[in-house]
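Counting in the working numbering, the sequence shown runs from 7 upward without gaps.
First the structure, in the form of structure tokens, and then the observations on it.
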Amino acid sequence: MNHHATQYEKNGLYELTDEARSTLKGSKYYNEDLAPTSIEKRTWSSFSICNLWIGLAISIPALALASSLVALGISPLLAILNVGLGNLIVLIPIQLNSHVGTKYGIPFPIFARLTFGNKGAQLPTLSRSIIACGWTSIQCWVGGGAVAALLGTVIPFFSNQSVAIAMPGNDSVSVGQIIGFLLFVLVVGLVAYNGMEKVKWVQNIGGPLLIVVVLGLFVWSYHAIQGAGYSLLDVFSTGNDEALIQKNGGFAFVYLAGLTGNIAYWSTMALNIPDFSRYAKDQKSQFKGQLAGMPLPMLICAFVGAVFAQATKCTMGEAMFDPTSVFYYMDNRILVAVCAVGVIVATLTTCVAANVVAPANGFSNLLPKKITFKRGVLITCFLAVFVAQPWWLYGSGAAYIFNWLNNYGMIIAPIAAILMADYFLCKQQRVDIGSLYLGAEGRYGYTHGWNRCGLVAWAVSCVLPLLGNTAFAYQPSLSAAPSVLQMIAANGYVFSFLVAFTVYTALMKSRFGGSKERKGFVSPEEQEALTKHDTVDFGARTCTLRNRRRDRLNATIRKEGV
């Protein structure tokens, strides 16, 4: 047996040996929050992972994906199809980038070191962290609105929209919602601060209330539609609002931009999914759990969101994009209270699991010896309150899709593509776990801590779509057709993903950036030398125990009396 091995393999899962873990504790690149999850702690089943995704999927911003498209003139049926297609597309990088977390037990910041280098990893990690802080702010704003509505059933001041003040980017912001926002941030911080098990606890109590939220919104929408003299069949027979679509750039531009937004919605999870898949007990559990837990709940949210938007269009003449606005049209205080509690729990589940865990780990990766996961949670909450501006980011359906979802999706799509290309095509799933915590002394130091192949591929892939959605963004007031650059921006996620994947693979297989050794490649022979396997001595031989062979070997041992 190899006495220099630093990692241990059992049933296809890897972890550090006790000796390697003890040695790495002296490294400035190591702390317990970023350490690989031990095999015995990888206990999440398909059911646990499915429940996690149901909790993540059912939220107000998820409902707003379809309602935003309806508000831009897309028919309810096409809006639902857009959401469904977008989620199936983004599920591909989510599933693939989950693999490394389950196999090696490493979180996203460490996965980024594998590809970008110990210093280069700070850029994608910080990008993901900053975006997550923006999402934390938006989710807390939504949850804060529900807190204000709940308090407003007892103290009308909190739900009084006329009591407002001017904020940056918004001239009239409800004081009650601001107070609710601050209270909700406090609750989110407390749940996240107390660790991952609190996430599972919120999921367990949140499930029934999540169903109440969605059903409550659907029931309200259904009665509103019937009250206006329409039926559900009328809703789904409704065509596009051609005048409104043309005003926003035409069908192809709006629909493709909406698809990019729907892909981008979970694009952050396509990066930091190893933060969760590292707890899965095997690859089948993470794959089946995500396949069952993500697409269907998102499709249900799209259905309810589209019906809600069309209901407000039928009754008020204009489609609303934010489902929480329904609180201000409900007279029954008990119903408001029940729905508000449901929104609070649903939003809390999503906010903690999808948006606080990643930046907390990311900030910890900056200074592993000084910033623990808990301190990372505090930094995330601070930025969500004092830097992000949810009243602006979540101000309208157009702002939500074009300015928020699409822009950040273009920035991080290349990261997901580069991670996939590196792990599956270049490194072929072979990883030296210990070297990920050694900095320049390890295998993944690249060129002074930076993988130039990754940086070049990232920059090249996102520059065009970003320009097409910022400096040269489409202006509806000009009444002109979108340019080629603006159409590239409308397809920004897919464009930047494919370009990054292709450029990175080509660069890594070329001489650019140095030799294979400098680029962190591990040969099959090196992988074997690094790894201890789950074994038992049998006479003069050493037999590897894996899966079904374990039981057969034990039976043979007992039978022969060895």
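Using N, Cα and C, we set each Cβ at its ideal position, and we do this for glycine too.
For clarity, every value in this text was computed on a predicted model and none was experimentally measured.
#### Entry: Proximal residues to asparagine 361 (C-beta, below 7 angstroms), its chain only, five neighbours per side dropped
Ala138, Trp141, Thr142 and Gln145
### Query
What separation, rounded to the nearest whole angstrom, lies between the Cα atoms of alanine 170 and tyrosine 334?
Spanning the two alpha carbons is a distance of roughly 15 angstroms.
### Query
Going by DSSP, which residues form a beta bridge with glutamate 324?
Answer by DSSP bridge pairing: none, since glutamate 324 is not bridged.
#### Entry: One or two residues paired with threonine 453 in a DSSP bridge
Beta bridge pairing from DSSP links threonine 453 with Trp456.
### Query
Given a threshold of 16 other Cβ atoms within 10 Å of its Cβ, counted over all protein chains shown, does alanine 463 qualify as buried or as exposed?
buried
### Query
Is it true that the stretch 382-396 meets the stretch 473-493, where meeting means three or more beta-carbon pairs spaced less than 8 angstroms apart?
Segments in contact, no.
### Task
Please name the residue, chosen from Ala41, Glu534, Gln13 and Ile60, that lies closest to alanine 359 on a Cα-to-Cα basis.
Ile60
### Query
Does the separation of the CB atoms of isoleucine 251 and phenylalanine 257 fall below 8 angstroms?
yes
### Query
Is it right to say glutamate 25 is buried, meaning 16 or more other beta carbons lie within 10 angstroms of its own, or is it exposed?
exposed
### Query
Can you name the residues that DSSP bridges to valine 179?
Ile171
### Task
State whether the stretch 451-466 contacts the stretch 26-39, with contact taken as three or more CB pairs (one from each stretch) at a distance under 8 angstroms.
no
#### Entry: Cutoff 6 angstroms; reference leucine 102; Cβ partners in own chain excluding five residues on either side
Met426
### Where threonine 537 sits in the DSSP three-state scheme
strand
#### Entry: glutamine 13, DSSP secondary structure in three states
If DSSP states are grouped into helix, strand and coil, glutamine 13 belongs with the strands.
#### Entry: Cβ shell of threonine 121 (< 7 angstroms), same chain only, five flanking positions each side left out
Ile424, Leu425, Asp428, Asn457 and Gly460
### Message
Can you tell me whether alanine 394 is helix, strand or coil according to DSSP?
### Response
Coil, per DSSP.
### Query
Where does glutamate 21 fall in DSSP's three states?
strand
### Task
Report all residues from its chain with a CB closer than 6 angstroms to the CB of asparagine 371; omit the five preceding and five following residues, and keep chain order.
Pro115 and Thr131
### Message
Going by beta-carbon coordinates alone, are tyrosine 36 and tyrosine 443 separated by less than 8 angstroms?
### Response
yes
### Query
Exposed or buried, what is isoleucine 161 when buried is set at 16 or more other beta-carbons lying within 10 Å of its beta-carbon?
exposed
### Task
Could you spell out where the alpha helix (DSSP H) holding asparagine 278 opens and where it closes?
Segment 275-278, the alpha helix (DSSP H) holding asparagine 278.
#### Entry: For asparagine 338, the nearest candidate out of Lys34, Pro280, Gly222 and Ile494 (CA to CA)
Gly222
### Query
Which residues mark the beginning and the end of the alpha helix (DSSP H) in which aspartate 288 is found?
Aspartate 288 -> no alpha helix (DSSP H), and no H or E assigned at all.
### Query
How should phenylalanine 53 be labelled, buried or exposed, when 16 other C-beta atoms within 10 angstroms of its C-beta is the threshold for buried?
exposed
### Query
Secondary structure at tryptophan 50, three-state DSSP: helix, strand or coil?
strand
### Query
isoleucine 421 by DSSP, collapsed to three states: which one?
helix
### Message
Assuming contact is defined by CB atoms lying nearer than 8 angstroms, are threonine 108 and glutamine 292 in contact in what I supplied?
### Response
yes
### Task
Output the boundary residues of the alpha helix (DSSP H) element that contains asparagine 88.
82-110
### Reduced DSSP category for alanine 26 - H, G, I as helix; E, B as strand; rest coil
helix
### Task
Return yes when the Cβ of tyrosine 499 is within less than 8 angstroms of the Cβ of threonine 274, no when it is not.
no
### Query
By Cβ distance below 8 angstroms, which residues in the same chain neighbour alanine 352 in space, the five residues on each side in sequence not counted?
Gly61, Ile64, Ser65, Ile66, Gly212, Leu215, Leu216 and Val219
### Three-pair Cβ contact test at 8 angstroms for the stretch 465-477 versus the stretch 412-423
yes
### Task
Would you mind listing the beta strand (DSSP E) stretches within the stretch 135-168 that are 3+ residues and don't spill past its ends, in chain order?
none
### Query
Would the stretch 521-539 and the stretch 490-497 be scored as touching if the rule is three or more Cβ pairs under 8 angstroms?
no
#### Entry: Under 8 angstroms between C-beta atoms of alanine 270 and tyrosine 414
yes
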